[in-house]
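Residue numbers (numbering that gives the first Met the number 0), protein chains in the order written: chain D, 0 to 223; chain A, 0 to 585. Backbone N, C-alpha and C define an ideal beta-carbon position, used for all residues, glycine too. Notes follow once the structure below has been shown.
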Amino acid sequence: MSLAVAFGALLAGVVVWGLLARRLTAKPWETPGSPEDLAAGSAVSLPPAKIGLWILLAVITSLFGLFISAYWMRMEHAHGDWTPLAVPRLLWLNTALLILSSAGMQWARGAARRAQADRVRVALIAAGVLAWAFLAGQLVAWRQLSASGYFMANSPAIAFFYLLTGVHGLHLLGGLFVWGKTVVRMAQAGVELLDVALSVELCTVYWHYLLLVWLVLFALLLST
Amino acid sequence: MAYVAIADRDHALHDPQTFITKYIWSQDHKVIAIQYAITAIGIGLVALGMSVLMRLQLGFPHFFSIIAPNNYYQFITMHGMIMVIYLLTALFLGGFGNYLIPLMCGARDMVFPYMNMVSYWVYLVAVLVLVAAFFVPGGPTGAGWTLYPPQAVLPGTPGATWGIILMLLSLAIFIVAFTMGGLNYVTTVLQARCRGMTLLRMPLSVWGIFMATVLGLLAFPALLVSAVMMTLDSVAGTSFFLPAVVSMGQPPTHSGGSPLLFQHLFWFFGHPEVYIVALPAFGIVSDLLSTHARRHIFGYRMMVWAILAIGCLSFVVWAHHMYVSGMNPYFGFFFATTTLIIAVPTAIKVYNWVLTLWRGDIHLTVPMLFAIGFIFTFVNGGLTGLFLGNVTVDVPLSATYFVVAHFHMVMGVSPILVVFGAIYHWYPKITGRMLNDTLGRIHFWLTFLGTYAIYLPMHYLGIMGVPRRYYAFGGTNFIPPSAQWANTAITISALFVAAVQLVFLFNLIWSLSKGKPAGSNPWRATTLEWQTPDTPPKHGNWGARLPVVYRWAYDYSVPGAKEDFIPQNQPPDARIPAGLEHGIKP
């Protein structure tokens with residue numbers, strides 16, 4: 000739980016400090032004046048959806064941070080019932096798929112910046128398909144584990160394996176929903192690249208983030 | 000692109016045409032706010048009714064047998080959970096947050112109106128799932144609002160089969176709704192303020208709601224994590240929280256789980272939750288005091304910093320709810336220390352409220368009465384909090400009525416007084432009509448004095464050692480018969496207080512059509528929501544042009560000014576030099 004404390008304090012501190020601190024020392028009662036001379040210091044030039052996504056990522060970080068600290072605490076409090084999990088080897092392949100998927104997103108984002116609509120389409124679809132393949136791979140890993148007789152009730156490590164992969168998969172599914180909407184919009188006639196550029200960028204950020212979360216979770220499962 | 004451009008951008012506002020899009024599937028923050036408020040107050044009345052029944056049972060154990068002994072915990076559980084989460088959290092953030100943030104920041108709406116609408120409907124689903132628990136076999140869960148395992152999911156606890164699942168499901172749905180709303184509130188405050196509205200020109204109401212939302216966004220995941228894991232324990236046979244327990248003579252079905260882990264997760268959410276409710280109340284009460292005392296808030300910057308400090312500290316005090324669970328003494332020392340430290344920024348706020356009143360031109364309007372009532376009640380509840388923050392004092396008092404009195408004073412009555420004050424204050428803007436003043440005064444005095452008649456005696460009962468959570472006290476030797484007289488008196492006061500809320504409800508409905516027309520700015524306030532072209536504000540809030548802000552929110556009684564208030568959107572006057580109005584030499 001010390002993890003959670005450090006994390007919570009750090010996160011709250013960073014968010015508050017980074018966003019607000021330099022503007023929290025003004026003396027508002029002294030400065031009735033035109034808004035123009037104040038606007039310069041306080042402009043934030045990001046689209047709201049982007050800010051919204053970053054805040055959502057903070058929330059998801061909180062969620063996974065707490066799952067991970069629950070994992071640690073359950074392991075430490077275990078009264079001899081914690082048997083380490085034999086991580087299915089398939090997960091290495093899945094990890095590679097997710098890395099490729101993230102790379103594909105990055106490719107789409109770069110192409111969108113260079114205004115190459117065809118490449119955006121190819122890269123976006125490739126990234127999505129790879130992400131679906133990752134999810135399918137995770138399901139196969141689940142099946143492999145349950146086929147060898149391990150399910151949630153057997154041991155806490157296995158229960159956590161299903162729980163963490165499941166929650167991560169659900170978040171990826173949410174990303175794939177937005178991905179699907181973006182692909183459909185790109186396929187429509189008369190849609191400018193500019194209209195989907197923001198969606199592509201937000202998907203890319205989200206994909207990289209979920210890759211990071213997965214790498215942390217995978218390292219956790221491997222090391223304990 | 001400057002941040003103001005987003006609010007000012009000339010996008011289609013999808014002006015609603017039909018009754019349904021205007022009032023039901025509405026994306027207008029004001030309608031959503033009212034939907035949130037009505038739902039929250041509705042479910043809150045259910046919880047109020049439950050507390051009346053509990054009080055009747057405790058006060059007159061021989062006359063009434065409304066509640067069977069095995070149902071008593073269900074009443075406690077649902078009363079607590081509804082009041083804390085489904086009423087207070089939803090009302091302050093979904094209700095006041097939705098209504099006030101765009102209007103006070105000078106925006107046309109929330110930045111994601113569609114998501115805002117979905118947030119309300121998902122919240123409604125959460126409430127309906129919660130209510131459904133009353134009708135399933137076994138009834139709602141009786142695990143206490145903290146839902147501690149293992150008893151929450153073991154047979155023997157009421158509602159251990161269906162009730163607990165529905166409760167956890169409802170909480171998970173609520174968290175989804177809150178996250179959608181919360182993303183909106185935070186992004187709107189950061190991104191959609193009108194020109195000139197710097198962070199330090201925002202009214203403290205917005206600051207309080209903003210910080211509470213940040214806390215909620217980071218803390219509610221802890222509740223979600225514990226709800227998911229407990230559901231799996233209950234349904235899938237995992238052992239996250241459940242140790243090996245021989246229950247009802249059956250061999251243990253779980254092994255090795257850690258109930259303490261649940262408590263840590265729950266209170267990592269649960270303590271910030273206290274401030275999720277308190278910070279909006281702090282913010283709103285600051286604005287009420289300043290407006291009705293016709294004086295700028297004392298120490299505005301310090302108030303903002305205190306809100307931020309309380310927000311950060313609230314994440315490192317959670318284990319003070321777990322002293323009786325047993326912990327390493329150094330651990331207890333750490334949490335007792337942080338708990339006492341958090342009293343410092345809180346005390347700064349109380350001093351600043353009092354100093355705002357000092358030499359103010361105090362108008363004892365109904366909102367002002369509630370605001371002053373809040374200061375008294377909050378100080379009372381806060382001081383007993385200092386008792387309970389210390390491990391050695393908490394351990395003997397923890398299971399007694401002292402704790403009930405403490406948290407009802409600080410977390411029940413205090414925020415509710417602010418809710419009432421805020422409703423009397425903003426009702427004229429929301430509906431265009433004033434609430435009836437006489438009924439308001441009756442409502443205030445009976446509620447304020449009545450709650451003291453309820454909760455002050457409970458402190459004494461607690462110090463005597465009368466245990467909380469008990470359905471009846473039976474032949475307990477250390478409890479003198481006079482404790483029962485106190486209980487009866489408390490019940491009578493509770494009935495009065497509950498009845499007076501009907502006067503308030505009547506006032507709300509009656510004034511809707513019969514109230515005195517309010518005009519656009521009946522309290523002569525400076526903040527932007529009172530400067531809208533229409534009252535109630537129309538869709539889009541500001542007509543053709545967004546307001547421009549030139550000053551902070553507290554220019555009251557400025558020497559040399561024509562009126563005793565200067566709205567935030569009034570351009571500066573060369574005849575009144577900056578800073579002079581507050582005695583600062585230019």
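Which chain D residues sit within Cβ distance under 8 Å of Arg236 (chain A)? Note that residue 236 (chain A) corresponds to Gly in the displayed sequence, not to Arg. Result: Met151, Ala152.
Do you know offhand how far Phe281 (chain A)'s Cα is from Val224 (chain A)'s? Distance between the alpha carbons of Phe281 (chain A) and Val224 (chain A): 29 Å.
When you compare only the Cα positions, how much space is there between Tyr555 (chain A) and Lys29 (chain A)? 27 Å
Let me check one thing: in DSSP terms, what residues is Arg142 (chain D) bridge-paired to? The partner list for Arg142 (chain D) (beta bridge, DSSP) is empty, contrary to what the question assumes.
Residue span of the alpha helix (DSSP H) that contains Val166 (chain D), given as start and end: 155-186
Kindly list, in the order they appear in chain A, the residues whose Cβ is closer than 7 Å to that of Ala229 (chain D). An answer regarding residue 229 (chain D) cannot be provided, because it is not within the stretch 0 to 223 covered by chain D.
Would you say Met74 (chain D) reaches chain A, if we count a Cβ-Cβ gap shorter than 7 Å as a contact? no
Work out the CA separation of Asp572 (chain A) and Trp24 (chain A) for me, nearest whole Å. 44 Å
Compute the minimum distance between the beta carbon of Phe333 (chain A) and the heavy atoms of the ligand GDP, and state whether it is under 6 Å. The ligand GDP is absent from the structure shown, which contains no ligand whatsoever.
Residues sharing a beta bridge with Tyr555 (chain A), DSSP: Beta-bridge pairing links Tyr555 (chain A) to A:Phe564.
Give the single residue among A:Met301, A:Thr345, A:Phe330, A:Leu287 whose Cα lies nearest to the Cα of Leu312 (chain A). A:Thr345
May I ask you to report which of helix, strand or coil DSSP gives Gln262 (chain A)? helix
Could you name the residues of the stretch 71-103 of chain D whose beta carbon sits closer than 8 Å to any beta carbon of chain A, in the order they occur along the chain? Met72, Arg73, His76, Ala77, His78, Gly79, Asp80, Trp81
Among A:His407, A:Ala543, A:Phe369, A:Tyr470, which residue has its Cα nearest to the Cα of Tyr454 (chain A)? A:His407
Excluding the five sequence neighbours on either side, which residues of its own chain have a C-beta within less than 8 Å of the C-beta of Trp81 (chain D), listed in chain order? Excluding sequence neighbours, Trp81 (chain D) sits near Arg73, Met74, Ser154, Pro155, Ala156.
Does the stretch 159-167 of chain A touch the stretch 98-111 of chain A, meaning 3 or more C-beta pairs lie closer than 8 Å? no
Classify Pro466 (chain A) as helix, strand or coil using the three-state DSSP reduction. strand
Given a threshold of 16 other Cβ atoms within 10 Å of its Cβ, counted over all protein chains shown, does Ala106 (chain A) qualify as buried or as exposed? When all chains shown are included, Ala106 (chain A) counts as buried.
For Pro516 (chain A) and Ile422 (chain A), I'd like the C-alpha separation in whole angstroms. 16 Å
Rounded straight-line distance, which links the Cα of Arg192 (chain A) to that of Leu199 (chain A): One alpha carbon belongs to Leu199 (chain A), the other to Arg192 (chain A), and they sit about 12 Å apart.
Proximal residues, the stretch 288-312 of chain A versus chain D, C-beta separation under 8 Å: Interface annotation for the stretch 288-312 of chain A against chain D: His295, Tyr299, Arg300, Val303, Trp304, Leu307, Gly310, Cys311, criterion Cβ-Cβ distance under 8 Å.
From the DSSP secondary-structure annotation, give me the bridge partner or partners of Arg432 (chain A). Answer is A:Pro516.
Quick one, which of D:His170, D:Thr203, D:Trp16 has its alpha-carbon nearest Ile124 (chain D)'s? D:Thr203
For Tyr470 (chain A), which residues from the same chain have a beta carbon less than 6 Å from its beta carbon, with the 5 sequence-adjacent residues on both sides left out? Pro68, Tyr71
Rounded C-alpha distance that separates Val190 (chain D) from Arg118 (chain D): 15 Å
Determine the contact status of Arg54 (chain A) and Ala398 (chain A), defining contact as a CB-CB distance below 7 Å. No; because the gap between Cβ atoms is not below 7 Å, this pair is not in contact.
Are the C-beta of Ser41 (chain D) and some C-beta of chain A separated by less than 7 Å? Its pLDDT being 47, under 50, Ser41 (chain D) is placed unreliably in this model, and the value from its coordinates should be taken loosely. Taking Cβ atoms only, chain A reaches closer than 7 Å to Ser41 (chain D), which makes this a yes.
Under three-state DSSP, which class holds Phe314 (chain A)? Assignment of Phe314 (chain A) by DSSP, reduced to helix, strand and coil, places it in the helix class.
Could you check the C-alpha separation between Gln143 (chain D) and Met151 (chain D) for me, to the nearest Å? 13 Å
Does any residue of chain D have a CB that is nearer than 7 Å to the CB of Pro566 (chain A)? no
State the Cα-Cα distance for the pair Met247 (chain A) and Val166 (chain D), rounded to the nearest angstrom. 34 Å
Would the stretch 291-302 of chain A and the stretch 252-266 of chain A be scored as touching if the rule is three or more Cβ pairs under 8 Å? They do not touch, by the three-pair rule.
Between the C-alpha atoms of Phe503 (chain A) and Val417 (chain A), what's the straight-line distance to the nearest angstrom? 14 Å
When the Cα of Pro414 (chain A) is compared with those of A:Val392, A:Tyr122, A:Phe133, A:Val284, which residue comes out closest? A:Val284
DSSP-derived helix/strand/coil call for Gln249 (chain A): strand
Bridge partners - Thr586 (chain A), DSSP secondary structure assignment: Outside the modelled stretch of chain A, which goes from 0 to 585, sits residue 586 (chain A), for which no answer is possible.
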